[in-house]
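Shown next, in structure tokens, is the structure this report addresses.
In the working numbering, the protein residues as written are 3 to 600.
Take a look at the structure:
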């Protein structure tokens, strides 16, 4: 592609960037103690700003973001630099890259990596503060090409579609190299956007597609089926996903992160990881061994990352390999039913003092409804084992406002917590040391591409009532603290998760005037998106051919994932019947075919 007419500024001076060597970095200064940053200065490269629309510490804690950075810079024709939302404590709000200080508007490509819908607002703020026209229709050849990817986008890109020239939907390994090749060889931006979908599966140009709007519902018979197929690697045999840049300015403090498995086999009905990444794929043992060997040359701490770490078939060998090299291990998540003595001993030996368990619901009825296949007995047994081994602090994750939930189910959250506290106290007395139990209580937010995608969010009055049940039930319990997610912020999150292209107007208003005014001005629309149940697809019925099934479409049905809406609808029906489903066998989908799109 020809260079933009707007001349790029020169890269920052070498003197300016010696801050990487600073021994006493400011807590507000980005990238001052990094190891592993990549700086390319050759002429003629495609200058790409990889933007994480949140602060430096948040972005650098994302293994996905770091992976995209590494993959982009592996493309010979690309110079990829990182840009973050300025820390609110910074006096200067100039939006520039960490590597060279280049202003965001001077790049050829702006590539947003978006993990969470709540960052959609920050995306808008970054573009506005840089002076780049917010809407794709208002930009021309003098502006950077604005692209977005990341899991939040391949769940539902529509709320930010009017702001994007292009989406890259799926795993970066499938997309980046071909995208940059097409960018380089195409004559101009207009031609690129007109042709890219035909040349790169997973590319989505919103301007080429009519939106699916809640206000203008069409049935499958007179609306084209999903056309953008989200891209996934068939196997992880040739890839490795690890930390690229180490820094102390992240949530993990100089920890080398290693992904061990993509997806989750358990299929909890509220959770995207169990469906959009199906079937889960496992990194080969040798690949993880290589990553551990790489880690020991950089740090003494290794973090194993996955939605289902303990489901790796060789997890015990992985842990032993790391321990033999005198590395301390931590885990991103743990299932109570898989916490055996060896895993707990590894945690204790690594100096872990806090463990996280996610019962998600207090009653067995609700755990059956959400397909959380753990029992009260397994939870209590895991607590006893953890505290016995000296892991004296516990974090417990619960949700309220789940589909089919009653006040009695919320009472069971209190009951389960008190039972955990009793075991916790009894075991702690033997150790002569008592820690703390922290509850994290979050409102349920329906997510696209899950069995509960058709559900409504519980009304704020109901959620307040259920918060009060938990507060009153545990307020006099010593060593138990409670953290409740803001109900107002959860409502914003639900809108961003479930919205259509009309949501972009609200995001733009919120960026200028705040969320309160934006949602008040559009109250009827917001209430419809957040609090109204959507017409559900029909589950698979043998007597009805798929082509004869009509349904109301959801905004994200422009995308095609591996798991079909008919399968998701069948899972919703099982939830209504309080039935559990078996976990994904983690085999080739062509061998099973239970849940895949036809």
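Here a beta-carbon is modelled for each residue, glycine too, at the ideal position from N, C-alpha and C.
Under the three-state reduction of DSSP, residue 109 is assigned to coil, being neither helix nor strand. Judged by their CB atoms, residue 313 and residue 267 are nearer to each other than the 8 Å cut-off. With a cutoff of 8 Å on beta-carbon distance, residue 148 and residue 167 are scored as near each other. DSSP lists 50 as the bridge partner or partners of residue 82.
Residue 305 sits in a strand when the DSSP states are folded into three classes. DSSP places residue 354 outside any beta strand (DSSP E), giving it a letter other than H or E. The continuous alpha helix (DSSP H) containing residue 572 extends over residues 567-578. Ranked by how close their Cα comes to the Cα of residue 464, the residues 509, 499, 450, 406 have 406 in first place. If you draw a 10 Å sphere on the C-beta of residue 411, you find 16 or more other C-beta atoms in it, and that means buried. When rounded, the separation of the alpha-carbon atoms in residue 373 and residue 273 is 10 Å. Contact between residue 355 and residue 394 holds, with the beta-carbon distance rounding to 6 Å and staying under 8 Å. The three-state secondary structure of residue 244, taken from DSSP, is strand.
As a beta-bridge residue in DSSP terms, residue 401 pairs with 444. A distance below 8 Å separates the beta carbons of residue 247 and residue 36. In this structure, residue 323 places its C-beta atom within 8 Å of the C-beta atom of residue 291. With contacts defined as CB atoms closer than 8 Å, residue 271 and residue 452 qualify as a contacting pair. A distance below 8 Å separates the beta carbons of residue 361 and residue 400.
In the displayed model, residue 527 falls within a helix according to three-state DSSP. Between residue 280 and residue 597, the CB-CB gap stays under 8 Å.
Our two residues, residue 131 and residue 49, have alpha carbons roughly 20 Å apart in a direct line. Non-local beta-carbon contacts of residue 198 in its own chain, meaning distances under 7 Å to residues more than five positions away in sequence, involve 168, 184, 205, 207 in chain order. CA-to-CA, the gap between residue 534 and residue 472 works out to about 26 Å. Residue 583 places its beta carbon 8 Å or farther from that of residue 172. Looking at the backbone, the Cα of residue 569 and that of residue 190 are separated by about 42 Å. In the DSSP assignment, residue 261 falls within the beta strand (DSSP E) that extends over 258-261. In the three-state reduction of the DSSP assignment, residue 98 falls in the strand class, which pools E and B. Here residue 379 is exposed. Its C-beta has fewer than 16 other C-beta atoms within 10 Å. If you ignore the 5 residues before and after residue 232, its C-beta comes within less than 7 Å of the C-beta of 156, 171, 172, 204, 561, 562, 563, all in its own chain and listed in chain order.
Take residue 459, set aside five residues on each side of it, and the residues of its chain with a beta-carbon closer than 8 Å to its own are 403, 445, 446, 447, 448, 492, 493, 496, 532, 533, in chain order. Judged by DSSP in its simplified three-state form, residue 75 adopts helix.
Nearest in C-alpha terms to residue 145, of all of 160, 159, 129, 158, is 129. Note that the region 83-95 touches the region 39-57; at least 3 beta-carbon pairs, one per stretch, sit closer than 8 Å. Looking at 105, 98, 42, 107, the one whose alpha-carbon comes closest to that of residue 79 is 42.
Annotation: residue 256 to residue 481 spans about 30 Å, alpha carbon to alpha carbon.
Distance between residue 536 and residue 523, taken at the CA atoms: about 23 Å. Partner residues in the beta bridge of residue 231, as assigned by DSSP, are 562.
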